[in-house]
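Below: one structure, written as structure tokens.
Numbering (this note's numbering), first residue to last: 5 to 77.
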């Protein structure tokens, strides 16, 4: 049985000593029982990632691999 995983774009206001106040965007899974950390990127990258995840029905097990591949890490 397939599980449905929902990915969401998040926006958070952050602060650090080097950058001061800034807005961070990222991707997270809304499936809270899975341990997948947030990935912070800029808005353009976040939208690209969401589009690829949605188009390919990416499973939770390949989430980080897909993100790292898209960001060329």
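Yeah, the Cβ is synthetic: ideal placement off N, Cα and C, and Gly gets one too.
According to DSSP, residue pairing for residue 18 in a beta bridge involves 26. The beta carbon of residue 18 sits closer than 7 Å to the beta carbons of 26 and 28 from its chain, once the five residues preceding and following it are set aside; these are given in chain order. For the pair residue 32 and residue 12, the CB atoms are nearer than the 8 Å cut-off.
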